[in-house]
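Q: Last residue of the sequence shown: number 645 in this note's numbering, and the count goes up by one each step with no gaps.
Ideal Cβ placement from N, Cα and C applies to all residues, glycine included.
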Amino acid sequence: AVQDISERKEAEKALLERETLFRGMFEEHSAVMLLIDPDTGSIIKANSAAASYYGYSLDTMLQMQVQQLNASPPAETSQNMHRALQKQKNLFAFKHLMADGQIRDVEVHSTPITIQERPLLFSIIHDITERKQAEAALRKSEEKYRYMFENIQDAVYEVTLDGEIIDISPSIEELSRGQLTREELIGESVYEFYPDIETRKTFLETLQKTGRVNDYEITLKNRDGSTTVCSISAKMQYDSQGQPNKIIGNIHDISDRAALEKRLLQSQKMESVGRLAGGVAHDFNNMLGVILGYTEISLEQVPETDPLHRSLLEIQQAAKRSADLTAQLLAFARRQTATPRVLDLNKMVQGMLTMLRRLIGENIELVWRPEQSLAPVKMDPSQIDQILANLCINARDAIAGNGIITIETANVTIDDAAACGKGETLPGNYVMLTVSDTGCGMDSETLTHLFEPFFTTKRVGEGTGLGLATVYGIVRQNNGFIDVQSDVGSGTTFNLFLPRVASENEQPIDNTGATTILPGAETVLLVEDEIMILEMTTKMLEKLGYKVFAHRSPQEALSFAEQHTGAINLLVTDVIMPEMNGRDLTDRLLRHYPDLKCLYMSGYTADVIAHHGVLDEAVYFIQKPFTRSDLSKKIRETLDSEGRR
């Protein structure tokens with residue numbers, strides 16, 4: 001009995017990709033986070049902060065139900081989970097039980113997410129015990145109120161019904177990033193700092209109807225135009241006749257939580273676009289491979305004096321530009337297959353300077369400032385080319401008239417203090433690649449969207465919006481991060497932090513080499529399900545001198561190999577095929593030909609031979625589309641290698 005499990009395998013791969021993206025922001029984050037099955041209340045995932053907060057081990061938490069943490073009745077907990085799942089409500093206040101018997105007040109923000117068509121709840125738990133205790137103390141006595149008023153982390157305020165600030169705690173200065181002080185706010189209208197009239201109107205209507213507002217999220221506008229995402233609570237105060245006379249409440253900074261939610265949504269968006277990019281790249285690169293391959297063959301047959309020769313060159317150039325665009329899509333989605341090598345970054349940049357100077361034009365000076373004792377890095381050499389080309393093109397476009405673009409390298413160390421609270425920044429030893437310009441610079445709003453795919457400030461037709469997204473994808477794929485500094489009229493500086501090579505035994509390689517055709521005479525088994533690619537690659541291999549046995553499917557190739565009596569020196573196979581993938585085909589063929597070597601080719605590997613876009617050790621791969629020169633060098637590299645790859 002044979003059962004088709006292709007869909008299950010694809011689902012498993014998709015789940016693995018999502019889990020990898022989710023794990024980076026979930027497991028190590030300092031916020032308490034849980035992933036919950038709303039039907040059973042089972043805790044599917046918990047991060048280290050959750051285990052530390054509740055006092056259980058991670059293994060124990062993964063055997064628990066959220067009802068065991070909640071002091072509320074199980075039925076009420078289940079009802080609230082389903083309300084969150086149906087998006088009727090996403091912010092809840094509970095009392096949670098700790099492992100040592102303590103009961104803590106918590107604020108739970110639950111967002112429904114779907115993994116493999118399975119509805120789950122992603123919950124962020126914020127401990128608000130101190131805030132609740134402060135509110136109780138405020139009601140008990142003026143003395144305790146004053147103490148808490150002066151020391152509480154949240155900003156506690158007291159205003160008139162018209163919004164005039166009677167008093168506000170000194171913590172408003174920290175909450176507003178130093179923009180506002182208690183002294184200057186007293187007597188001001190609190191509504192001046194609300195971002196829009198509708199927000200103010202909704203807040204007041206709720207307060208007038210119910211007498212209080214709990215955890216109402218607003219974006220507080222500071223005097224310099226910056227904003228702080230806050231959770232604001234308010235309660236109407238009444239005089240002895242029962243008439244409202246003032247409003248008291250507190251403001252809590254939830255910028256970190258809001259940023260985390262935004263990063264989660266951005267990751268989900270990139271995941272979706274990444275899947276689309278992968279599917280497009282596979283078919284698109286196949287077609288481009290046919291165009292480029294036959295164009296190359298035709299150019300060899302048409303004299304340069306023939307008008308057709310120039311037309312063929314134009315076709316070739318257009319196909320190469322299309323291939324570059326596909327590569328950018330894969331790079332920003334972190335799905336570009338990379339072959340990391342230990343590199344001397346200074347040599348890589350030095351080798352590109354001539355090309356970069358032609359790229360930016362004569363009116364812009366290119367300054368190169370390398371650190372002489374630069375540590376090596378490990379990444380794909382072609383990715384360095386992409387990074388520098390994209391950054392220099394952007395810098396060129398930002399400069400009106402004459403200007404300067406500066407490229408620098410340096411060894412840097414990021415300690416825990418420097419990394420704390422800075423997004424994706426992690427402590428460690430890095431090589432910093434800096435590209436700065438004297439251009440027009442960017443405002444804060446543009447910086448916010450800088451690395452979003454398809455975001456561009458250029459006019460229609462002048463940019464795809466993938467350049468910086470490509471740079472971001474490459475740097476993140478190589479476990480690095482980017483820091484950008486820019487002000488309008490003062491230019492822009494991109495600092496790229498790439499991890500240094502940890503092992504002292506790995507030495508940089510020289511990636512330079514002339515484009516040559518390397519012939520051969522061995523026997524090649526070629527497997528490719530796309531007939532046009534199969535025919536074109538067969539012609540390329542035969543022109544190089546190889547004896548070729550070409551087949552359209554893995555099963556055809558296996559049947560041939562079982563009956564073939566001669567030698568087969570090399571398998572050249574596509575990675576993604578209907579019957580089985582290239583890796584499985586290789587494993588099957590090795591039973592008959594244990595010395596067989598393999599070269600994989602694909603426009604998109606889907607992690608069959610790579611993990612997170614990085615090739616597995618001892619694997620040879622050629623990216624579609626490729627030229628005959630590329631193919632000849634990669635085949636010789638594979639055949640002449642020690643052992644099987």
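Can you list, in chain order, the residues of its chain whose CB lies under 6 Å from that of T206, leaving out five sequence neighbours each side?
A: V213
Q: Determine whether the beta carbon atoms of D483 and N495 lie at a separation below 8 Å.
A: yes
Q: Quick check on this structure: which residue in A155, N346, I165 and I186 has the alpha carbon closest to the alpha carbon of R177?
A: Checked all of A155, N346, I165 and I186; the closest Cα to R177 is A155.
Q: What's the C-alpha gap between I43 and T425?
A: If you draw a straight line from the Cα of I43 to the Cα of T425, it comes to about 29 Å.
Q: Would you decide whether D437 is buried or exposed? Buried here means 16 or more other CB atoms lie within 10 Å of its CB.
A: buried
Q: For the ligand GDP, any of its heavy atoms closer than 7 Å to the Cβ of T219?
A: The model depicted lacks the ligand GDP and carries no ligand whatsoever.
Q: Could you tell me the distance, in whole angstroms, from the CA atom of D215 to the CA atom of T573?
A: Going from the Cα of D215 to the Cα of T573 covers about 58 Å.
Q: In three-state DSSP terms, what is V460?
A: Low confidence applies here, because V460 scores a pLDDT of 48, under 50, leaving its location unreliable and the question unanswered by this model.
Q: Taking DSSP as the reference, what is the three-state secondary structure of G467?
A: helix
Q: Which one or two residues does DSSP pair with D237 in a beta bridge?
A: It should be pointed out that residue 237 corresponds to Gln in this sequence rather than to Asp. According to DSSP, which records beta bridges pairwise, Q237 is partnered with K246.
Q: What are the partner residues of N429, as DSSP defines its beta bridges?
A: T413
Q: DSSP three-state call for L69: helix, strand or coil?
A: helix
Q: To the nearest angstrom, how far is the alpha carbon of K246 from that of V108?
A: Rounded to the nearest angstrom, the two C-alpha atoms are 29 Å apart.
Q: With A49 as the anchor, note down where its alpha helix (DSSP H) starts and where it stops.
A: According to the DSSP assignment, A49 belongs to the alpha helix (DSSP H) that extends over S48 to Y54.
Q: Check D630 in the structure and name its three-state DSSP category.
A: helix
Q: Can you tell me whether H551 is helix, strand or coil according to DSSP?
A: strand
Q: By the three-class DSSP mapping on this structure, what secondary structure does N90 have?
A: coil
Q: Check whether the segment 532 to 541 and the segment 556 to 566 are in contact - that is, three or more C-beta pairs closer than 8 Å.
A: no
Q: Can you give me the C-alpha to C-alpha distance between G613 and S632, rounded to a whole angstrom?
A: Because G613 carries a pLDDT of 48, less than 50, the predicted location of this residue cannot be relied on, and the following value inherits that uncertainty. Spanning the two alpha carbons is a distance of roughly 24 Å.
Q: How would you write the range of the alpha helix (DSSP H) that D4 sits in, first residue to last?
A: D4 -> no alpha helix (DSSP H), and no H or E assigned at all.
Q: For E158, write down the residues that DSSP places opposite it in a beta bridge.
A: D167 and I248
Q: For K209, count neighbouring Cβ atoms within 10 angstroms of its own Cβ and tell me buried if that reaches 16, exposed if not.
A: exposed
Q: Kindly list the residues whose CB is nearer than 7 Å to the CB of P381, restricted to its own chain and excluding five residues on each side of it in sequence; keep chain order.
A: Excluding sequence positions up to five before and after P381, its CB lies within less than 7 Å of the CB of R341, L343, M348 and N511, all in the same chain and listed in chain order.
Q: Whole angstroms are fine: how far does the CA of L16 sit from the CA of N394?
A: 34 Å
Q: Would you check if the segment 126 to 143 and the segment 57 to 71 touch, i.e. whether three or more CB-CB distances between them fall below 8 Å?
A: no
Q: Taking DSSP as the reference, what is the three-state secondary structure of Y216?
A: strand
Q: Using only CA atoms, which one of P244, T446 and N250 lies nearest to T160?
A: P244
Q: For the pair the segment 445 to 452 and the segment 466 to 473, tell me if three or more CB-CB distances fall below 8 Å.
A: yes
Q: Between the Cα of N39 and those of E296, E27 and Q67, spot the shortest distance and give me the residue it belongs to.
A: What sits at residue 39 in the sequence shown is Asp, not Asn. Cα-wise, what sits closest to D39 is Q67.
Q: Between the C-alpha atoms of E192 and N363, what's the straight-line distance to the nearest angstrom?
A: 48 Å
Q: Quick one: grab the DSSP three-state call for S57.
A: DSSP places S57 in coil when its eight states are reduced to three.
Q: Are there 16 or more other CB atoms within 10 angstroms of the CB of V367, so buried, or fewer, so exposed?
A: Around the Cβ of V367, a 10 Å sphere holds fewer than 16 other Cβ atoms; the residue is exposed.
Q: Go ahead and pull the three-state DSSP assignment for G403.
A: strand
Q: What number of angstroms, rounded off, separates the C-alpha of F92 from the C-alpha of P170?
A: Distance between the alpha carbons of F92 and P170 is about 28 Å.
Q: Taking the straight line between their C-alpha atoms, what separation do you get for I166 and G428?
A: 48 Å
Q: With C-beta atoms as the reference, is T227 less than 8 Å away from K221?
A: yes
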